[in-house]
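In the working numbering, the protein residues as written are 13 to 142.
All C-beta atoms, glycine included, are put in the ideal place defined by N, C-alpha and C.
All figures in this text were calculated on a predicted structure; none of them were measured in a lab.
Here the structure comes first, spelled out in structure tokens, and everything after it is commentary.
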């Protein structure tokens, strides 16, 4: 059994890395039955894949800083900061509080609150944009 905090931190790094969008890499960390709830928006696995694809098309760089990450049994809580740089050079900064549920070493659910700390108001939906 993998360490759940490592699974979540690796998944975050993988999803936010500057590598091209790759559904097979997403499936290494997330179950096909995955559900995400972010700021009242619901995304299933394919909605999440679409979100990552759209995100990678709108930004040139995403930098992740994990402030805190803790786990208990199959639950992981993360507090992290994401700095996004768009292709036009515009920047946004987001604070994220997330609860991840894992099963069989994969993420099956995420309940998340994301708030923009700085940046253009038009980018305030980057946490769930599809």
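Taking 6 Å as the limit between beta carbons, can you name the residues of its chain near residue 129, skipping five residues before and five after? Correct list, in chain order: 105, 107.
Is the beta carbon of residue 37 less than 8 Å from the beta carbon of residue 26? yes
Mind checking whether residue 43 and residue 120 have CB atoms under 8 Å apart? For the pair residue 43 and residue 120, the CB atoms are nearer than the 8 Å cut-off.
Would DSSP call residue 51 helix, strand or coil? DSSP, reduced to helix, strand and coil, places residue 51 outside both helices and strands of the structure shown, so it counts as coil.
Could you work out which residue in 23, 17, 19, 50 is closest to residue 123 when comparing CA atoms only? 50
Looking at the unbroken beta strand (DSSP E) that takes in residue 76, where does it start and where does it end? Segment 71-84, the beta strand (DSSP E) holding residue 76.
Rounded to whole angstroms, what is the Cα-Cα separation between residue 20 and residue 112? 8 Å
Taking all protein chains shown into account, decide if residue 72 is buried (16 or more other Cβ within 10 angstroms of its Cβ) or exposed. exposed
Per DSSP, what kind of secondary structure is residue 91 in: helix, strand or coil? Shown here, residue 91 sits in a strand according to DSSP, grouped into three states.
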